[in-house]
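Engineer: I have a structure I would like to understand better, so I am pasting it below and will then ask my questions one at a time.
Residue numbers (UniProt numbering): 1 to 179.
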């Protein structure tokens, strides 16, 4: 998903700006939540079929089925509604299932980036990227569960270098003092 069409509904690109990378958080960290939701649903069906609930009516056990489905749906929707877009000029993050929060940091403001992976995250090829901007004391943007964070962080680092070179004045025309 690295096309401008995938990001066009919430990212407003300038004339020269183009999308370098677009993605969403990995689904791997949500697998335990999906497993719990599945177990809740199966347990509810089992309790209903068994009918051995002396205190509660057996149909009440079926409440676990939609509850499990809601837990799984929320875990999926919260990841699906989070999007990351790196363009030639900025990094964008969009979050929100019912509401929307969009954060933008221009490359000329970025001081440093870092990525972090645990052993499990390295095995499953996802991790976190942290973006630090000039004039602040901490992380300004933390992109969680980014697929292949080493490659994505390298893309950001390359773009930061290009931005820094573009800001420097051309030294080829400078006169050099003679010795």
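Backbone N, C-alpha and C define an ideal beta-carbon position, used for all residues, glycine too.
Just to confirm before moving on: does the CB-CB distance between residue 146 and residue 132 stay below 9 Å?
Structural biologist: Here residue 146 refers to the residue found at position 146 when the chain shown is read from its first residue. Here residue 132 refers to the residue found at position 132 when the chain shown is read from its first residue. Cβ atoms of residue 146 and residue 132: not closer than 9 Å.
Engineer: Please report the Cβ distance between residue 76 and residue 22, rounded to the nearest whole angstrom; I am assuming they are in contact, meaning their Cβ atoms lie under 8 Å.
Structural biologist: Residue 76 sits at position 76 when you count from the first residue of the chain shown. Residue 22 sits at position 22 when you count from the first residue of the chain shown. So it is not a contact: roughly 19 Å between Cβ atoms.
Engineer: Using the Cβ count rule (16 or more neighbours within 10 Å means buried), how would you classify residue 9?
Structural biologist: The residue given as residue 9 occupies position 9 in the chain shown. Its Cβ having fewer than 16 others within 10 Å, residue 9 is exposed.
Engineer: I'd like to check one pair, residue 152 with residue 119: are the Cβ atoms closer than 9 Å?
Structural biologist: Reading the chain shown from its first residue, position 119 is the one you call residue 119. Reading the chain shown from its first residue, position 152 is the one you call residue 152. Cβ atoms of residue 119 and residue 152: not closer than 9 Å.
Engineer: Here's the rule: buried if 16 or more other CB atoms are within 10 angstroms of the residue's CB, otherwise exposed. What is residue 143?
Structural biologist: Mapped onto the chain shown, residue 143 falls at position 143. Label assigned to residue 143: buried.
Engineer: Measure the C-alpha to C-alpha separation of residue 141 and residue 65 and round it to an integer number of angstroms.
Structural biologist: As a position in the chain shown, residue 141 is number 141, starting the count at 1. As a position in the chain shown, residue 65 is number 65, starting the count at 1. About 37 Å.
Engineer: Can you find the residues in the same chain that come closer than 8 Å, C-beta to C-beta, to residue 38, ignoring five residues on each side of it along the sequence?
Structural biologist: Here residue 38 corresponds to residue number 38 of the chain shown, with the count starting at 1. Excluding residues within five positions, the ones whose Cβ falls inside 8 Å are 68 and 72.
Engineer: Using the beta-carbon count (16 or more within 10 Å), is residue 169 buried or exposed?
Structural biologist: For the purposes of this step, residue 169 is identified with residue 169 of the chain shown, where counting begins at 1. Result: exposed.
Engineer: With 16 as the cutoff for other CB atoms within 10 Å, does residue 40 come out buried or exposed?
Structural biologist: On the chain shown, position 40 is the one that residue 40 refers to. Buried.
Engineer: I'd like the list of long-range same chain contacts for residue 134, defined as Cβ closer than 7 Å, with 5 residues on each side in sequence excluded.
Structural biologist: In the chain shown, residue 134 corresponds to position 134, counting from 1. For residue 134, where only same-chain residues beyond five positions count, the Cβ hits under 7 Å are 109 and 111.
Engineer: To which residues of the same chain is residue 106 closer than 7 Å at the C-beta, ignoring the five residues directly before and after it?
Structural biologist: Reading the chain shown from its first residue, position 106 is the one you call residue 106. For residue 106, where only same-chain residues beyond five positions count, the Cβ hits under 7 Å are 89 and 90.
Engineer: Which residue spans inside the region 17-82 form an unbroken alpha helix (DSSP H) run of at least 4?
Structural biologist: DSSP runs (the alpha helix (DSSP H)) wholly in the region 17-82: 31-50 and 64-80.
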